[in-house]
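Input: a single structure, listed below in structure tokens.
Residue numbers (my numbering): 6 to 125.
This is how it looks when you write it as structure tokens:
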């Protein structure tokens, strides 16, 4: 059984939509979410992982440390390697809501999760 509120990290450039690739994110907005409410708790800065055609592997541990207390991380896109690393720390990687509105997406996710649906 999932306990609420959920702490959810969002890769966003503007706190309006889920519009940032996991590897390009320089920050994650962290929300507390129930089935009926969504509250921005804080913004956490990170070093971005993707540097064009190659990745800065040294940035990944810091990113994982930054989101490890979250139930899920919402992104516009995320590669298979980073997805596996996120899952390995017990966090779900969710790209299903790419480019959608942050609060509507998080509330929908919370409702679906409360209903027992597995997403991410």
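Even glycine gets a Cβ: it sits at the ideal position worked out from N, Cα and C.
The C-beta distance from residue 14 to residue 78 rounds to 4 Å, short enough to meet the 8 Å contact threshold. Within the DSSP bridge table, the entry for residue 79 names 15 and 99 as partners. Going by DSSP, residue 36 is part of the beta strand (DSSP E) stretching over 32-38. Judged by their CB atoms, residue 68 and residue 51 are nearer to each other than the 8 Å cut-off. Secondary structure note for residue 70: its alpha helix (DSSP H) is the uninterrupted segment 65-72. By the neighbour-count definition (other C-beta atoms within 10 Å, threshold 16), residue 104 is an exposed residue. Sequence-distant Cβ neighbours of residue 46 in its own chain, meaning closer than 7 Å and more than five residues away, are 35, 36 and 37. Membership of residue 118 in the alpha helix (DSSP H) is indicated by the continuous run 107-119.
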